[in-house]
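Colleague:
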Amino acid sequence: MKRKHICYNTAILFLTALMILGCGEGIVEVDDSQYQPKIAIEGFLFPHQPVERIYITRNFRVDQNLRQTGILLPNANVTLTDLQSGEVYPLTFDQDEYFFRYTGSDLLIEYGHSYRLDVQATIEGSALQAGAVTTVPEAPLAITGVNYESLSYYQRDGDGNVLNFDVEFERVNGIDVYLATLIARDAAVETFIYDNSFEEYDEADVRDDLDDLRYEWDWIQNTPPGPGKSDIPIFWYHLWFYGDYEIVIYAPDRNYQDFLRTYDEVQEIDGNFHEPVFHIEGDGIGVFGSAVSDTVHVRVLP
């Protein structure tokens with residue numbers, strides 16, 4: 622489940638980052654003049670967890686009919702190399718889940734180790750290749766506490782100050798960016814907080830947006846890079862339902878840190894646009910990274 626969270630939130634960022642890039646006075650020209658076929662990669666490795674949810678897709682022209690073209694690349698040749706041992710592991714496309722995974726039992730992702738993903742695929746008659754290397758964070762991340770196990774919605778203290786959940790964790794050496802994802806485990810039309818302090822919703826709105834409201838995320842950066850404790854506050858505008866919340870704190874590798882910092886900073890002062898930092902070689906775009914994480918649960922009461 623931890624992997625589902627980071628993949629879901631990355632997909633949101635990834636789609637945002639792959640907007641059509643243009644130039645000149647801050648105006649984006651939406652046309653196909655700069656289109657080049659690319660392999661799009663989205664995948665993460667986690668220590669001592671299976672290698673799965675490696676999404677390999679393609680980009681497309683603005684006017685392209687995706688029903689006819691499709692963005693999946695099920696016939697791509699995808700391998701993962703353990704750069705410590707030199708062993709190469711072929712990944713297999715999962716026809717039901719639409720991602721690549723390793724189906725063997727002889728691959729163990731280790732803390733501090735480096736792994737290379739290589740992809741070869743043919744798109745529109747062109748043979749393309751892309752590769753990326755991730756180095757897994759060197760140690761586990763440990764949540765050391767949360768200030769409240771439960772709070773009533775928008776609860777205030779005796780002085781009238783709004784109380785918030787705050788998750789404390791031990792930092793991972795060398796990492797100064799941390800990501801928090803939240804999933805409302807009891808999300809339903811019936812458990813939505815209709816008298817929330819931020820936005821009006823009726824039952825039809827909640828039903829339409831249920832999956833979007835169920836998942837939230839936030840991140841902090843520029844924490845001290847060495848050992849010690851930091852915390853991530855969980856503000857009420859991330860909490861739309863009564864009930865149980867699963868909060869996962871991630872320490873991401875350099876690849877994902879750089880992507881987080883640049884995916885929405887693609888326009889220069891002069892109006893020109895550039896790509897986010899992908900750390901992918903060859904004919905590829907996207908994110909291939911790794912992370913360590915820990916989980917805590919809190920509860921929002923009526």
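Quick note on numbering: the sequence shown equals residues 622 to 923 in my numbering.
Note that the Cβ used here is the ideal one computed from N, Cα and C, for glycine as well.
1) I need the DSSP call for A805, collapsed to helix, strand or coil.
2) Determine which residues share a DSSP beta bridge with N680 and list them.
3) For my contact list, A801 and D839 are in at a C-beta cut-off of 8 angstroms; report their separation, rounded to the angstrom.
4) If you draw a straight line from the alpha carbon of S714 to that of N696, how long is it in whole angstroms?
5) Could you spell out the range, first to last residue, of the alpha helix (DSSP H) harbouring V709?
6) Would a C-beta distance cut-off of 8 angstroms place V917 and V767 closer than the cut-off?
7) So, with DSSP's three-state summary, where would you put D829?
8) Alpha carbon to alpha carbon, how far is L803 from Y815? Give it in angstroms, no decimals.
9) Could you compute how far the alpha carbon of G907 sits from the alpha carbon of D780?
10) Give the list of continuous beta strand (DSSP E) stretches no shorter than 3 residues that lie fully inside the segment 718-758.
11) Just the Cα atoms here: how many angstroms apart are F880 and Y656?
12) With respect to the alpha helix (DSSP H) encompassing N876, which residues constitute its N-terminal and C-terminal limits?
13) I believe G910 touches T755 by the beta-carbon criterion, under 8 angstroms. Please report the beta-carbon distance rounded to the nearest angstrom.
14) Mind checking T743: buried by the 16 CB within 10 Å criterion, or exposed?
15) With H, G and I counted as helix, E and B as strand and the rest as coil, what does DSSP make of Y871?
16) First and last residue of the beta strand (DSSP E) that includes Q789?
17) Rounded to a whole number of angstroms, what is the C-alpha to C-alpha distance between A760 and G733?
18) When DSSP builds the beta bridges, which residues end up paired with A763?
19) Look up V651 in the DSSP assignment and say whether it is helix, strand or coil.
20) Is the beta carbon of F721 less than 8 angstroms from the beta carbon of I675?
21) From this set, W861, F899 and V740, which residue's C-alpha is nearest T883's C-alpha?
22) If you draw a straight line from the C-alpha of A872 to the C-alpha of Y799, how long is it?
23) Measuring CA to CA, which of E811, P848 and E791 is closest to F862?
24) Starting from W840, trace the beta strand (DSSP E) both ways and give me its first and last residue.
25) Given that a residue counts as buried once 16 or more other Cβ atoms are within 10 Å of its Cβ, and exposed if not, what is H669?
26) Does the Cβ-Cβ distance between E731 and V757 come in under 8 angstroms?
27) Do V921 and L772 have their CB atoms nearer than 8 angstroms?
28) Nearest to A753 by CA position, among V919, P854 and Y877, is which residue?
29) Can you tell me which residues form a DSSP beta bridge with S914?
30) Exposed or buried, F681, counting other C-beta atoms within 10 Å across all chains shown (16 or more means buried)?
31) Could you check the C-alpha separation between E867 and D823 for me, to the nearest Å?
32) Provide the residue(s) that pair with S851 in DSSP beta bridges, ordered along the chain.
Modeller: A quick look at the data gives this:
1) In the structure shown, A805 sits in a strand (DSSP, three-state: E or B).
2) Beta-bridge analysis with DSSP links N680 to no other residue.
3) 5 angstroms between Cβ atoms; contact.
4) First, the amino acid is wrong: residue 714 is Phe here, not Ser. So the alpha carbons of these two residues sit roughly 8 angstroms apart.
5) DSSP places V709 in no alpha helix (DSSP H) but in the uninterrupted beta strand (DSSP E) bounded by V709 to P711.
6) In contact: V917 and V767 (Cβ atoms closer than 8 angstroms).
7) In the structure shown, D829 falls within a helical segment according to DSSP collapsed to helix, strand and coil.
8) Taking the straight line from one Cα to the other gives about 19 angstroms.
9) Using only the alpha carbons, I get a separation of about 47 angstroms.
10) You should have 720-722, 735-744 and 747-756.
11) Approximately 22 angstroms between the Cα atoms of the pair.
12) Unbroken alpha helix (DSSP H) run through N876: R875 to T883.
13) That pair is a contact at about 5 angstroms.
14) Flag for T743 reads exposed.
15) Strand, per DSSP.
16) Here residue 789 is Glu; the residue named in the question, Gln, does not match the sequence. Run containing E789: F786 to E791, per the beta strand (DSSP E) assignment.
17) Distance between the alpha carbons of A760 and G733: 7 angstroms.
18) DSSP lists E791 as partners of A763.
19) Below a pLDDT of 50, predicted positions are generally treated as unreliable, and V651, at 49, falls in that range; the measurement from the model is reported next regardless. Three-state result, V651: coil.
20) Contact flag set, yes.
21) Measuring from the Cα of T883, the nearest candidate turns out to be F899.
22) In a straight line, the C-alpha of A872 is about 5 angstroms away from that of Y799.
23) With distances taken between Cα atoms, F862 lies closest to E811.
24) DSSP places W840 inside the beta strand (DSSP E), whose first and last residues are Y836 to Q842.
25) Counting Cβ neighbours within 10 Å, H669 comes out exposed, since fewer than 16 surround it.
26) In contact: E731 and V757 (Cβ atoms closer than 8 angstroms).
27) Against a cut-off of 8 angstroms, the Cβ pair of L772 and V921 comes out as a contact.
28) Minimum Cα distance to A753 is reached at Y877.
29) The partner list for S914 (beta bridge, DSSP) reads Y871.
30) Buried, since its Cβ has 16 or more Cβ neighbours within 10 Å.
31) Within the model, the alpha-carbon separation for E867 versus D823 is close to 25 angstroms.
32) In the DSSP assignment, S851 is bridged to F790.
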